[in-house]
Amino acid sequence: MYVGTLSFDLLLGDVRSLKEKRSVVRPIIAELQRKYTVSVAEVGDQNIHRRALIGLATVSGDAGHVSDVLDRCERLVAARPEVELLSVRRRFHGDED
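Numbered continuously in my numbering, the sequence shown closes out at residue 98.
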């Protein structure tokens, strides 16, 4: 079994309230879940208007599949014009961990 995780640190565009923040973050989370069948949630910076920390996890029996899914998820978030991807933290856990 292999587990891969990503943590995205995002800077949001012209956001002035938590309600506007949700309108930017929720579609990103929904698209990741729908396209790649991964677990995703906003995991930090919930009370800061222009920042978001999103966590993502996927599990598979194939290490290559996990790596491929993480790569595609990272590209999807990086391509979103309404956010700036400040950093991505990737973790990979295999049977030996």
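Glycine included, each C-beta is placed from N, C-alpha and C at the ideal position.
Item	Value
Residue 87, buried or exposed, once every other Cβ within 10 Å from all chains shown has been counted against 16	exposed
Residue 13 beta carbon less than 8 Å from that of residue 53	yes
Beta-carbon proximity check, residue 70 vs residue 39, cutoff 8 Å	yes
Bridge partner(s) assigned by DSSP for residue 85	12
Beta strand (DSSP E) runs wholly inside the region 29–72, at least 3 long, in chain order	40–45, 52–61
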